[in-house]
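Those sequence lines, one after another, are chains U and Z. Each number in the numbering used here corresponds to the 1-based position in the first sequence with 5 added. Each number in the numbering used here corresponds to the 1-based position in the second sequence with 9 added. C-beta: ideal position from N, C-alpha, C; glycine also. Comments concern the structure below.
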Amino acid sequence: MSLREKVFEFFKKKETVLSGGGAKAVEKQISMGKLTARDRITKLLDPGSFHEYDMFVEHKCKDFGMENKQLPGDGVVTGTGTISGHPVCIYAQDFTVAGGSLGYMHARKITKIMDHAMKLGVPIIGINDSGGARIQEGVNSLAGYGEIFYRNTLASGVIPQISVILGPCAGGAVYSPALTDFVFVVDKISKMFITGPEVIKTVLGEEISMEELGGAKIQCEISGNAHFFSESEEECFQQIKRLVTFIPWNNRKKADTFPPKPPKFQYDIEKIIPESPREPYDIRDVIRAVSDDSDFFEIYERWASNLVIGFSRIRGETVGIVANQPFVLAGVLDVDSSDKAARFIRFCDAFNIPLITFVDLPGYLPGVDQEYAGVIRHGAKVLYAYSEAVVPKITIILRKAYGGGYIAMCSRHLGADFVFAWPTAEIAVMGPEGAANIIFKKEIESSSNPEETRKAKVKEYTDKFANPYIAAANGYIDAIIPPRETRDYLIHALSVASRKVEERPQKKHGIPPF
Amino acid sequence: MNDEFKDLFVDGSNYKTKLTRKFGMRKIKPEVEDPKIIKAFIPGLIKAVYVKEGETVRRGDKLLVLEAMKMENQILSATKGIVKKVNVEVGKVVVKGEILLEIE
């Protein structure tokens, strides 16, 4: 055969593989409102940047009639490409080929591209859309999953790992996204659960639909397994593209710098805070008032919304924001928000992203359900994460910072590099009402008008302690700053801390309260 | 805007704030299990019943066998006493939380 004939033959073989499970399967996929695997990759990556590998990998299974089955690419598409010029490694399971089920060679393709990403130091993006383990391949499917999870763990903190759930992701398969850094879900398309509705019905007799059990809304609002919610696959890809611009390629680099931009003029910081200290406001307005172009990329928006996390830029550099949200549950810390904060702090620490903490919380959420759920264990995670982090840590206390909440939100004592407070800050061991009731208990009880005395004592305590000056007198905060100068102080602090190097005692690793 | 805000009492003070969906679903008073009431912890099939009404039992005595999740689960007594009522027989299919046996 001549060269030309050989090349022609190759193109024909390639075309067969590219058609996936065939026209009928592709039609079914589209009728369910889902895109095909290769379509998803081309839509997510920069146009023309995708190079596919391992197209001709075939399964080796000889049981249950599998030897007669041709599965193009063994049901997964892997390769490399770029997003906004950032190189990434990517894999997308192909639901049109054997339901995207995971067999041994399918898993081998995935682990190969993951090893690639680790060696080359680029992020790995996994698009999950699979019926689960390929039952015909038996334990070999399980082996495949195990190898993937192991690599997810080894890659954790080395390269950013992103999971996109664009179909079912059930049973053991769901542990890969759980180990990755960011999980994206799409309404009505994503389904994540360990045991599905059929098994739950058989074993427990409880009826529940797939959407109610593990649909996108549930994962984003209740279980906290997914970080980003979108209404369509296109919207999801836009979110991923935005995320990638904020994070570095790997843990040896810092995120890309962008041209600095001032915040938008409509975010006037002094107009955002209400007159009364008990009235709520949206902390995201404060974040936007100090960020470049007022651009704040929120993560985990729908889960534990009493704490806000996300990325923004200050003078062109990515920063990680952790902030109490007085708008929701008065900004308290609780089981879920502690988990949310702790994991994000560790991601920023692993990937050289400075942390900026905005503090305005009355304390921890009271309640028997919180105590029984282990708010003690979970709350400890925030203390651990902040203490362990060696990236520049800047804290701004806006209003309330009482008791344990003051300590937990990156206080000087947990190693914050800069702690600033607004004149409206209230740094005290307890809220004035609670404190007055305890300290002046005898006086209140023995007085002729307890209610009047109590009010007077609360005012006394408020005037003396509900301010930043006592903490300032002890050197626990570095400066009291007028709100309108917040951004300037942040810019200066970040620039001074930009070469920070901090050591930790030599150890294999700590033992966080998992 | 103000009617969205509810009251939340934290550390002696009342705050006006929004509440989350999950907060609304929380259990305010946890159920304390009475060791004298033996409930099925999972739906399943009664494979064996070892005691009769009126019989004395000690802590740790075998009461019944509940087959579920591919296992024959031994249900033991958590307390000593006399069997007051046996609600099941061999072959009965039970649901989660069904009262199987009562001790006094």
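Backbone secondary structure at residue i - three-state DSSP
i: residue 109 of chain U; result: helix
i: residue 11 of chain Z; result: Annotation note: pLDDT 47 at residue 11 of chain Z (below 50); position unreliable, no value reported.
i: residue 85 of chain Z; result: strand
i: residue 280 of chain U; result: coil
i: residue 73 of chain U; result: helix
i: residue 396 of chain U; result: coil
i: residue 37 of chain Z; result: coil
i: residue 56 of chain U; result: strand
i: residue 210 of chain U; result: coil
i: residue 98 of chain U; result: strand
i: residue 514 of chain U; result: coil
i: residue 321 of chain U; result: coil
i: residue 500 of chain U; result: helix
i: residue 64 of chain U; result: coil
i: residue 222 of chain U; result: helix
i: residue 365 of chain U; result: strand
i: residue 305 of chain U; result: coil
i: residue 75 of chain Z; result: strand
i: residue 295 of chain U; result: helix
i: residue 415 of chain U; result: coil
i: residue 44 of chain U; result: helix
i: residue 524 of chain U; result: Past the edges of chain U, shown from 6 to 519, lies residue 524 of chain U, and the structure says nothing about it.
i: residue 431 of chain U; result: strand
i: residue 91 of chain U; result: strand
Contact list for residue i against chain U, beta-carbon separation under 8 Å
i: residue 3 of chain Z; result: Nothing can be reported for residue 3 of chain Z: it is not among the residues displayed for chain Z, which extend from 10 to 113.
i: residue 75 of chain Z; result: Near residue 75 of chain Z there are no residues of chain U at all, since even the closest Cβ is about 13 Å away, more than 8 Å.
i: residue 51 of chain Z; result: 208, 209
Nearest candidate by alpha-carbon position, reference residue i, set the options
i: residue 469 of chain U; options: U:446, U:495, U:483, U:434; result: U:434
i: residue 129 of chain U; options: U:238, U:115, U:47, U:452; result: U:115
i: residue 322 of chain U; options: U:336, U:361, U:451, U:229; result: U:361
i: residue 58 of chain Z; options: Z:40, Z:67, Z:83; result: Z:83
i: residue 326 of chain U; options: U:475, U:308, U:295; result: U:295
i: residue 503 of chain U; options: U:335, U:291, U:262; result: U:262
i: residue 102 of chain U; options: U:25, U:512, U:21; result: U:25
i: residue 389 of chain U; options: U:369, U:413, U:408; result: U:413
i: residue 244 of chain U; options: U:270, U:304, U:32, U:334; result: U:304
i: residue 230 of chain U; options: U:250, U:199, U:48; result: U:199
i: residue 237 of chain U; options: U:400, U:437, U:171; result: U:171
i: residue 376 of chain U; options: Z:36, Z:44, Z:13; result: Z:36
i: residue 490 of chain U; options: U:268, U:514, U:478, U:177; result: U:268
i: residue 46 of chain U; options: U:96, U:13, U:17; result: U:96
Opening and closing residue of the alpha helix (DSSP H) in which residue i lies
i: residue 348 of chain U; result: 340-355
i: residue 374 of chain U; result: 373-378
i: residue 34 of chain U; result: 28-36
i: residue 462 of chain U; result: 455-470
i: residue 238 of chain U; result: 238-251
i: residue 151 of chain U; result: 144-160
Under 9 Å from the C-beta of residue i: neighbouring residues of chain Z
i: residue 310 of chain U; result: 27, 29
i: residue 165 of chain U; result: In chain order: nothing, as chain Z lies at least about 28 Å away.
i: residue 442 of chain U; result: 21
i: residue 377 of chain U; result: 36, 39
Neighbour list for residue i in chain U, Cβ cutoff strictly below 7 Å
i: residue 32 of chain Z; result: 334
i: residue 17 of chain Z; result: 334, 335
i: residue 14 of chain Z; result: 285
i: residue 78 of chain Z; result: 208
i: residue 105 of chain Z; result: 209, 210
Span of the beta strand (DSSP E), counted from its first residue to its last, around residue i
i: residue 181 of chain U; result: Counting along the chain, residue 181 of chain U falls outside any beta strand (DSSP E), though it belongs to the alpha helix (DSSP H) covering 180-184.
i: residue 46 of chain Z; result: 46-48
i: residue 108 of chain Z; result: 108-112
i: residue 474 of chain U; result: Unbroken run through residue 474 of chain U is the alpha helix (DSSP H), 474-478; no beta strand (DSSP E).
i: residue 96 of chain Z; result: Residue 96 of chain Z -> no beta strand (DSSP E), and no H or E assigned at all.
Within chain Z, the residues that residue i reaches when beta carbons sit closer than 8 Å
i: residue 283 of chain U; result: 22, 23, 24, 25
i: residue 455 of chain U; result: Here the premise fails: no neighbours, minimum Cβ distance about 15 Å.
i: residue 290 of chain U; result: By Cβ distance, chain Z contributes nothing, its closest Cβ being about 14 Å from residue 290 of chain U, past 8 Å.
i: residue 182 of chain U; result: The premise fails here: residue 182 of chain U is roughly 21 Å from chain Z at the closest Cβ pair, so nothing lies under 8 Å.
i: residue 367 of chain U; result: 19, 20, 22, 24
i: residue 372 of chain U; result: 35, 37
Closer than 7 Å at the beta carbon, the chain Z residues around residue i
i: residue 321 of chain U; result: Per Cβ cutoff of 7 Å: no residues; residue 321 of chain U is ~34 Å from chain Z at best.
i: residue 407 of chain U; result: 20
Please list the residues of the region 202-219 of chain U that have a C-beta atom closer than 7 Å to any C-beta atom in chain Z, keeping them in chain order. Within the region 202-219 of chain U, the residues whose Cβ lies closer than 7 Å to some Cβ of chain Z are 208, 209, 210, listed in chain order.
Residues of the region 413-440 of chain U with a CB closer than 9 Å to any CB of chain Z: list them in chain order, please. 435, 436, 437, 438, 439, 440
Give the residues from the region 33-47 of chain Z that approach chain U closer than 9 Å (Cβ to any Cβ), ordered along the chain. Sequence-ordered contacts of the region 33-47 of chain Z with chain U read 34, 35, 36, 37, 38, 39 [C-beta pairs closer than 9 Å].
What residues from the region 221-237 of chain U come within 8 Å of chain Z, judged by C-beta to C-beta, listed N to C? 226, 227
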